[in-house]
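Under this note's numbering, the letters of the sequence shown match residues 7 to 253, in that order. Even glycine gets a Cβ: it sits at the ideal position worked out from N, Cα and C. Please read all numbers here as calculations on a predicted model, not as lab measurements.
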Amino acid sequence: YEVIIVEETEPLGTGGAIANCRQYLSGGTFCVINGDLITSLKVEEMLEFHNSNGGIATISLWEVEDPSRFGVADYVEETGKIMRFQEKPPIEVAYSNLINAGTYLLEHEIFEMMPEGAHSMERDVYEKIASTGVLNGFPFKGMFVDAGTPASFIEASQACISSNRYSSGSVQDDSWFAEDSHSLGEISGSSIGPAATVAEGCTVRNSVILEGAVIGENSILDGCLIGKGATISAGTNLHSEIVDHNL
C-alpha cells in the first residue's frame with residue numbers, strides 16, 4: 007500500500023484533520039479510523055450496512071458502562087439512525103451507553119457540513135447533522151479498546167498480545183517480548199520493547215516497557231508505563247506510575 011502522511015502545521019481538531027486530507031481522496035465513500043484504538047470491527051460489514059441504509063456518515067458504536075469520556079449516540083435500532091449525538095456528557099445525562107467507537111464511513115458530502123479551519127467532528131459536525139436523518143450507527147460486538155488513558159493503553163497492549171497482533175518478537179504466556187529485548191525477571195501481562203532490559207529478580211506485572219528502557223535488579227513494576235530509554239534504579243517499587251522517556 008502507498009502511505010501518504012499529511013502534516014498539520016497547527017492542530018486542526020478531529021474534523022480539521024480529515025478536511026486536511028481532502029485533496030488525497032477519490033470523491034467516493036472513505037473510511038476514517040482513530041489511531042489510538044484496538045478493535046475487532048469488521049469494516050466490510052459496516053460498509054455493506056452504510057451503503058444500504060442511506061445517509062452520509064456511519065459511526066461504529068460500542069456499549070460501555072460509563073460513557074462519560076466518549077461521544078454518546080441516541081441510537082434507534084429500528085432505523086439504524088443516530089438521532090442525537092453528545093460529546094463526553096456527564097453520565098447522569100448521557101443519551102445511552104452506546105459510544106462512538108472511533109471508526110467512520112463518510113461520503114464526500116460530509117465536507118459541506120464542516121466549518122472552516124480547526125474543528126471537532128464530534129461537536130461541530132455529528133451533533134449538528136444527527137437530527138437530519140443522515141447519521142447512521144453500527145453497533146458491534148467483540149473487542150474494542152480506546153487507549154486514551156494509561157490504564158487503557160496497557161489494556162490495548164494486552165489485547166494485541168491475546169489476539170496475536172504483533173508482527174515481530176515473541177509471545178510467551180501472556181506477555182510479548184521484542185526480538186532484542188533482554189529479560190531475566192518474572193514477567194506477566196506485559197510488553198517488553200526493543201532493546202529493553204529487565205534485570206534479574208524483577209517482577210513486572212501488567213506494564214508496558216518501551217524501547218531501550220532498563221529496569222534495575224529486584225524492582226517491582228505493577229500497572230506502569232515506562233518510556234523509551236528510561237532507567238529504573240535497582241530495588242524500585244512502582245505501582246500505576248508513568249515514567250517519561252529518557253529519565
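Nearest C-alpha to PRO95 among VAL131, ILE226, SER74 and ASP80: SER74. Counting only runs of 4+ residues, no alpha helix (DSSP H) is found wholly inside the region 90-147. Per the DSSP secondary-structure output, TYR81 pairs in a beta bridge with ILE88. One thing to note: MET120 has its Cβ no nearer than 8 Å to the Cβ of GLY34. Contact check for ALA184 and PRO200: beta-carbon distance about 4 Å, within the 8 Å limit, so the pair qualifies. In this model, ASN106 and GLY207 are separated by some 43 Å (Cα to Cα). Pairing GLU128 with ASN103 gives a Cβ-Cβ distance that is not under 8 Å. Here ARG171 is not bridged, per DSSP, to any residue.
Counting the other Cβ atoms within 10 Å of the Cβ of LEU216 gives 16 or more, which makes it buried.
For the set LYS234, ALA23 and SER189, the Cα lying nearest the Cα of ASN224 is the one of SER189.
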